[in-house]
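In the numbering used here, the protein residues as written are 404 to 646.
This is the structure:
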């Protein structure tokens, strides 16, 4: 997928990174997949430690608990990953499969001169997102696929392109977080979010409207923010012709 990277992070600001330790070149084995000549290291971002694994095609960071003796184990909190934009479709799908195997909780076996061991990290939400990517992005019309994939469109926007016009509303759920210094909420408010996806290489854009089915609850209103998990919602999509 030339010029179409996939990238996600649960970390708000990743600018300030400190190298804690490098393990140099290592080999990785995840389930039945083997990767040679990866680089492994431990970095600190916002006072939290991460095991970072990377090669020419992907990068993955998993939050860890680093012990005084140098050993560590993963924490199922923060993480980040990126599949670089110079991959072709075949290599792109190979890296998607790799991430899915990791997020399923299969052990990541690491072997090198400076480190040997295994860790695991499970996240079902990421599996759902990657499944959607495989199903919807590769389901785009062949006549449009190459043109669309050569533009810097978001993967989520392209998934919506394959869904718009199929059904009036989609039933789904979202995680929601908003700072109270930006928007004020009170118990019982119903949240509605609207955004426009500009899709390059296409003759129309898409307006997405997300409406939460259930209102904001008292327990979801914190001191400085509103935080809600797995809120049921309805998503409607509308084509917006280009002028």
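Beta carbons: idealized from backbone N, C-alpha and C, even for Gly.
Top-ranked residue by Cα proximity to residue i, from the options
i	options	result
residue 620	428, 630 and 415	630
residue 473	610, 536, 628 and 519	519
residue 424	444, 416 and 412	444
residue 601	512, 450 and 561	561
residue 614	606, 594 and 599	594
residue 642	611, 415, 414 and 577	611
residue 622	584, 578, 590 and 599	590
residue 563	576, 596, 581 and 609	609
residue 487	411, 628 and 570	411
residue 436	513, 534 and 577	513
residue 380	480, 617 and 628	With the chain covering 404 to 646 only, the question about residue 380 has no answer from this structure.
residue 399	457, 617 and 535	Since the first and last residues shown for the chain are 404 and 646, residue 399 lies out of range.
residue 469	461, 450 and 644	450
residue 532	515, 509 and 575	575
residue 461	432, 501, 453 and 426	501
residue 577	588, 596 and 566	596
residue 505	566, 517 and 523	523
residue 427	585, 442, 592 and 457	442
Outcome for residue i when other beta-carbon atoms lying within 10 angstroms are tallied against a minimum of 16
i	result
residue 455	buried
residue 546	Summary for residue 546: the model assigns pLDDT 45, below 50, so the residue's position carries little reliability, and this model does not support an answer.
residue 464	buried
residue 572	exposed
residue 419	exposed
residue 409	buried
residue 650	This structure gives no information on residue 650, because the portion of the chain shown stretches from 404 to 646.
residue 605	buried
residue 406	Annotation note: pLDDT 42 at residue 406 (below 50); position unreliable, no value reported.
residue 607	exposed
residue 471	exposed
residue 429	buried
residue 640	buried
residue 634	buried
residue 452	buried
residue 498	buried
residue 511	buried
For residue i, the first and last residue of its enclosing beta strand (DSSP E)
i	result
residue 516	First-last for residue 516: undefined, no H or E at that position.
Secondary structure of residue i, DSSP reduced to three states
i	result
residue 642	strand
residue 416	coil
residue 506	helix
residue 546	Confidence at residue 546 is low in this model, with a pLDDT of 45, below 50, so its placement is unreliable and no value can be given for it.
residue 633	strand
Residue range of the alpha helix (DSSP H) that includes residue i
i	result
residue 535	527–535
Any beta strand (DSSP E) of 3 or more consecutive residues that is wholly inside the segment 564–625: 573–582, 595–600 and 607–615
Alpha helix (DSSP H) runs contained entirely in the segment 444–502, provided each spans 4 or more residues: none
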